[in-house]
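Participant: Questions regarding the structure given below will be posed in turn.
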Amino acid sequence: MESIFEKLSYHKGRKVERIRKLRGLSQADLGERLGGITKQAVSKLEQSENISDEKLQQIADALEVTLEGLKGFSEEKVLYNTINFYENSGVNASSINANVENINNPLKETIEVFERQLEKLREEFIKVLKEK
């Protein structure tokens, strides 16, 4: 039996949404990059579990990522890379694990916690780049 995490890892629309948010784009922004489709059309796309490879390639181009990167995207990989590449950012594995291991949080709340942490890391990274 597949776990909820395995199901989410195959949900292509969810991956599009996560990458869009990590890139700092709104649904309207992505819609413009996809040839002027509406925000509602992007929302529907992000709710789609299956998206054709042809459409995924267009989305990957709009998000400025590779098709393989889009297909293989997972929050775990982002956190792993963030921890390994930005060790001086002040975030450590124990603070992230504390949020993951909180079983009382529904999945959506846990994902929102990760998004907030990633946004903070992104802001800190940009701040460090500007200082150099």
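Sequential numbering of the sequence shown, starting at 1, is according to full-length UniProt numbering. From the three backbone atoms N, C-alpha and C, an ideal C-beta is built for every residue, glycine too.
1) For Q27, count neighbouring C-beta atoms within 10 Å of its own C-beta (all shown protein chains included) and say buried if the count is 16 or more, exposed if not.
2) Under a Cβ-count criterion, where at least 16 other Cβ atoms within 10 Å of its own Cβ denotes burial, should I126 be classed as buried or exposed?
3) Would you report the Cα separation of K44 and E124, rounded to the nearest angstrom?
4) Since I59 is in the alpha helix (DSSP H), which residue starts that stretch and which ends it?
5) For A62 versus L34, is the C-beta spacing smaller than 8 angstroms?
6) Just reading off the alpha helix (DSSP H) that S48 is part of, what are its end residues?
7) Nearer than 7 angstroms: is that true of the beta carbon of Q117 relative to any heavy atom of the ligand FMN?
8) For L34, name the three-state secondary structure that DSSP assigns.
9) Whole angstroms are fine: how far does the CA of L121 sit from the CA of residue 134?
10) Using 8 angstroms for Cβ pairs, my map puts L70 next to K15. What's the rounded Cβ distance?
Facilitator: Reading from the atomic positions:
1) As a position in the sequence shown, residue 27 is number 27, starting the count at 1. Buried.
2) The residue you call residue 126 lines up with position 126 of the sequence shown. Exposed: under 16 other Cβ atoms inside 10 Å.
3) As a working note, residue 44 is residue 44 in the sequence shown. As a working note, residue 124 is residue 124 in the sequence shown. Taking the Cα positions, K44 is about 32 angstroms away from E124.
4) One-based indexing of the sequence shown puts residue 59 at position 59. Start and end: 53 to 63.
5) In the sequence shown, residue 62 corresponds to position 62, counting from 1. In the sequence shown, residue 34 corresponds to position 34, counting from 1. Yes, these two residues count as a Cβ contact at 8 angstroms.
6) If you number the sequence shown from 1, residue 48 lands on position 48. From DSSP, S48 is part of no alpha helix (DSSP H); its letter is neither H nor E.
7) This structure simply doesn't include the ligand FMN, nor any ligand for that matter.
8) The residue given as residue 34 occupies position 34 in the sequence shown. Taken through DSSP and simplified to helix, strand or coil, L34 comes out as coil.
9) This structure leaves residue 134 out entirely; the chain is present only between 1 and 132.
10) Here residue 70 refers to the residue found at position 70 when the sequence shown is read from its first residue. Here residue 15 refers to the residue found at position 15 when the sequence shown is read from its first residue. Confirmed, about 6 angstroms.
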